[in-house]
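Our numbering numbers the first residue of the sequence shown as 90 and each following residue consecutively.
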Amino acid sequence: MSGDPGAHPVRPAVNDPSQPRRTAISKRAGAFDSSGIRKAFDLAARLEDPINLAIGQPDFPMPQAARTAAREAVDAGRNGYTQTQGIPELRARLEERARAETGQPGRKLCVTSGSSGALVLVLMALVDPGDEVILFEPAFVMYRPLVEFLGGRCVIVDTSPTFRIDVDAVAAAITPRTRAILLNTPSNPTGFVAPADTVRDLARLAERAGVTLVSDELYRSFCYDEPFHSPAAHSDRVVVIDGFSKSHAMTGWRVGWVHGPAEVVDACTMLQQYTFVCAPQVGQWAAIAALDAPMDVPLAECRRKRDRLMAGLAEHYRFVKPGGAFYLYPEAPGGSGRRFAEIAAEREKLIVVPGSVFGGADTHFRIAYTVTDRTLDRGIEALRRLAGAV
Ligand SMILES: Cc1ncc(COP(=O)(O)O)c(C=O)c1O
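This is the structure we're talking about:
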């Protein structure tokens, strides 16, 4: 990932007869390279019976009631556009919950096209060219490109190797150009859950500095060792992003949301009108049913798999215990996550994601453990063999 939108060398010549005909693409599109993750998925598609620990989505099924609601919505002809901000039944329930949890009756909410849609809209609403956004690395793959698509500049606060956020380092990174801090707890890719005091201190720091703290809470229901803490409980300025993709295994239905101060959510709603239009209607009806589905059993299963993986690798790899999400982020034997991922695929047909995909460091690799027990056990065996051999 080059990360510098200005780094795209020269636009291809379009009218040079000696060259194959090509359409010139924007510097924005040319500046990014998705080869890290794509390589992992291409490999998985080519290998026969791979051990695929690269896919960041739940392996439990979408709740039965939500599937039924989706079918009923289709049959009832609920297949058109919805209001920009979401169907009132869903929006009201989510908004009520957000207001109750934060104790902030003024909080507004907009249903979005996945939480990715919410991220796009929030950043569009906040970031002008030249503005700075503070990111914690390792970071979810979309953050940097989204900021840079808008002409923003990412200011990185490195959290390796403990993945703890040093709030003083964040304070030192704030400049007059800082518009937002992008927090993700529990984290993709590390599984790290920010403790209550960090979350509180970040919320207070952002409020004092007049910077918007954007809290990506997509994995909040996957907290295994202590309850989830949202910075929104400490400041009515915090903007929260969430969705049904991971919590209810609905990644393909594209339903997420953003809640926060009215001016930010109103801006997001306006921007959605001119971009995504709305979240898919059928997914929204499914989401209403999903809200009432008990998810304790699949979540307990995720915790069990985490514990099984940690126990299987504890003597062979160095890693920070992940308190949440469904990822483990060990140090790569040999020091390079990229090299390790290649060797794992060649020798063991094991697919993992190198840490270089999540930021500037290539020291780790990501394991997604939402797979069957058989795949997990095959993965553990392969990883044990690799630990001694690389
Ligand atoms: C931290 C984080 N945020 C946002 C997303 C986007 O998810 P979706 O658009 O499916 O809601 C993901 C997906 O992997 C993620 O890991």
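Built from N, CA and C at the ideal position, the CB exists for glycine as well.
Residue i to residue j span [Cα, whole Å]
i: L465; j: T459; result: 8 Å
i: V211; j: W374; result: 24 Å
i: P234; j: F121; result: 7 Å
i: D314; j: R156; result: 30 Å
i: I263; j: A368; result: 34 Å
i: P109; j: D131; result: 26 Å
i: L294; j: L307; result: 23 Å
i: P94; j: R117; result: Confidence at P94 is low in this model, with a pLDDT of 36, below 50, so its placement is unreliable and the value that follows should be read with caution. One C-alpha to the other measures close to 6 Å.
i: A162; j: Q172; result: 16 Å
i: V282; j: R297; result: 24 Å
i: A154; j: A414; result: 24 Å
i: D148; j: L142; result: 11 Å
i: K410; j: D220; result: 35 Å
i: G299; j: C357; result: 19 Å
i: S276; j: L224; result: 12 Å
i: V246; j: V236; result: 15 Å
i: G426; j: V259; result: 27 Å
i: P152; j: Q362; result: 30 Å
i: D286; j: G341; result: 35 Å
Three-state secondary structure assigned by DSSP to residue i
i: R233; result: helix
i: A414; result: coil
i: T287; result: helix
i: T191; result: helix
i: T301; result: strand
i: V216; result: coil
i: I114; result: coil
i: E420; result: strand
i: G349; result: strand
i: I38; result: The chain is shown from 90 up to 479; residue 38 falls before or after that span and cannot be answered.
i: C367; result: coil
i: V99; result: Residue placement at V99 cannot be trusted, given a pLDDT of 49 that sits under 50; what the coordinates show is reported in the next sentence. In the structure shown, V99 sits in coil (DSSP, three-state: anything other than H, G, I, E or B).
i: I469; result: helix
i: V429; result: This sequence places Phe at residue 429; Val is not what is there. Three-state result, F429: helix.
i: G166; result: coil
i: T157; result: helix
i: Q108; result: coil
i: D462; result: helix
i: E404; result: coil
i: A375; result: helix
i: S123; result: coil
i: V282; result: coil
i: K335; result: coil
i: T358; result: helix
Any non-hydrogen atom of ligand 1 within 8 Å of residue i CB
i: F130; result: no
i: F229; result: yes
i: N141; result: no
i: T340; result: yes
i: S425; result: no
i: G477; result: no
i: L239; result: no
i: Y507; result: Coverage of the chain is limited to positions 90 through 479, which leaves residue 507 absent and any answer about it impossible.
i: I39; result: Residue 39 is absent from the structure shown; the chain starts at 90 and stops at 479.
i: Y482; result: Past the boundaries of the shown model lies residue 482; the chain is included only from 90 to 479, so the question cannot be answered.
i: S310; result: no
i: K438; result: no
i: S205; result: yes
i: D257; result: no
i: L208; result: yes
i: R343; result: yes
i: L307; result: yes
i: K197; result: no
i: G349; result: no
i: G145; result: yes
For residue j and residue i, believed in contact at Cβ under 8 Å, the rounded distance
i: G145; j: A403; result: About 23 Å separates the two Cβ atoms, so there is no contact after all.
i: L291; j: V256; result: 6 Å
i: L215; j: T301; result: 6 Å
i: V354; j: C199; result: 5 Å
i: L272; j: P320; result: 7 Å
i: V479; j: P422; result: 4 Å
i: H405; j: R473; result: 5 Å
i: E437; j: A471; result: 4 Å
i: G240; j: P218; result: 3 Å
i: A159; j: V371; result: 5 Å
i: S204; j: D331; result: 6 Å
One or two residues paired with residue i in a DSSP bridge
i: R242; result: E221
i: F454; result: P443
i: D381; result: The partner list for D381 (beta bridge, DSSP) is empty, contrary to what the question assumes.
i: N273; result: D305
i: T267; result: E221
i: N141; result: I440
i: C199; result: V347
i: E226; result: D247
i: C312; result: G413
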